[in-house]
Amino acid sequence: MALNEAHQQAAEAAREHAVMTERARLMRDMHDGLGGQLVSLLMRFRSGKVSAEEAASEVSRALDDLRLIVTSLDHADEAIGIALGGLRERFEPRLRDAGLQLDWQIDSEAAKHRLSVEQMLDLLRIVQEALGNCLRHAQARRFGLKLSQTPVGGLRVQLSDDGRGIDPQAPAGKGLSNMRLRAGRLGGALDVSSGATGTCIDLQLPPAEPPAGGISGSETATQDD
Numbered sequence: 459m460a461l462n463e464a465h466q467q468a469a470e471a472a473r474e475h476a477v478m479t480e481r482a483r484l485m486r487d488m489h490d491g492l493g494g495q496l497v498s499l500l501m502r503f504r505s506g507k508v509s510a511e512e513a514a515s516e517v518s519r520a521l522d523d524l525r526l527i528v529t530s531l532d533h534a535d536e537a538i539g540i541a542l543g544g545l546r547e548r549f550e551p552r553l554r555d556a557g558l559q560l561d562w563q564i565d566s567e568a569a570k571h572r573l574s575v576e577q578m579l580d581l582l583r584i585v586q587e588a589l590g591n592c593l594r595h596a597q598a599r600r601f602g603l604k605l606s607q608t609p610v611g612g613l614r615v616q617l618s619d620d621g622r623g624i625d626p627q628a629p630a631g632k633g634l635s636n637m638r639l640r641a642g643r644l645g646g647a648l649d650v651s652s653g654a655t656g657t658c659i660d661l662q663l664p665p666a667e668p669p670a671g672g673i674s675g676s677e678t679a680t681q682d683d
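If you read the sequence shown in this note's numbering, its first letter stands for residue 459, the second for the next number, and so on.
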């Protein structure tokens, strides 16, 4: 009994150390990446290379990214449903102001899965990119998110709208390229289907590897529910 308790304590300590290490690395990346972007924007604005409207748009996107990083840090090693709920709370007023109906479906088992800080940030960025594209370009009336668990225990995230559609092969599709890059980092696959009736982005992630101590992500999540 004592040996098992010691093993659990060691596993918990290792998990907390991994979370703190990821948080520190992410903060460094934020300083170098986001900070550098803002400094560059300030210099271009002062030299007259960007208009006030363009600068405001870039600052707005930078703030969105900063808030997303904070969300991923706040919800590190928490159930994925909680982190997605934070993203919904931030975007729902914008969707409502744009006249968009939000269809949000979260499977209770899938919502218990946990991700690392880096994984959470990649996933949230994919969802945020889809939300942003819908608001800026889709001319849609509805945006949907569906989170479910795959038969093998992985995650499936389906993002859809009923807008005018996009061309996944278009040269301007930088957002889709970034989504696929992040899906790859998550070890998953991202499929995009688009047409006159709207766009569907289907992200499928493999089951998470059990952390030290042999407790799966969804099992640890049940301790909080």
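Backbone N, C-alpha and C define an ideal beta-carbon position, used for all residues, glycine too.
Close Cβ partners of residue i (< 6 Å) along its chain, the five nearest in sequence each way excluded
i: A514; result: none
i: A654; result: G623
i: R519; result: none
Residue burial classification, residue i (beta-carbon count within 10 angstroms, cutoff 16)
i: K570; result: buried
i: M501; result: exposed
i: D561; result: exposed
i: D683; result: At D683, the pLDDT of 38 sits below 50, so the modelled position is not reliable and the matter cannot be decided from this model.
i: S566; result: exposed
i: L521; result: exposed
Same chain only: Cβ atoms within 7 Å of residue i, ignoring 5 sequence neighbours per side
i: R640; result: D580, R583 and I584
i: L589; result: F549 and F601
i: L545; result: T529, L582, V585 and Q586
i: A556; result: L593
Nearest-angstrom beta carbon gap, residue j and residue i [assumed within contact, 8 Å]
i: L524; j: Q577; result: Actually they are not in contact, since the Cβ atoms of L524 and Q577 sit about 19 Å apart, beyond 8 Å.
i: E516; j: L499; result: 5 Å
i: I538; j: L573; result: 6 Å
Of the listed residues the options, nearest to residue i (C-alpha basis)
i: L553; options: L593, R614 and I624; result: L593
i: A666; options: I659, T655, T657 and L613; result: L613
i: G611; options: P664, S518 and N591; result: P664
i: A596; options: P609, D620, S651 and T608; result: D620
i: T657; options: L603, I540, Q607 and R504; result: L603
Cβ-based neighbour list, residue i, same chain, cut-off 8 Å, excluding 5 preceding and 5 following
i: V508; result: L499, R502 and E516
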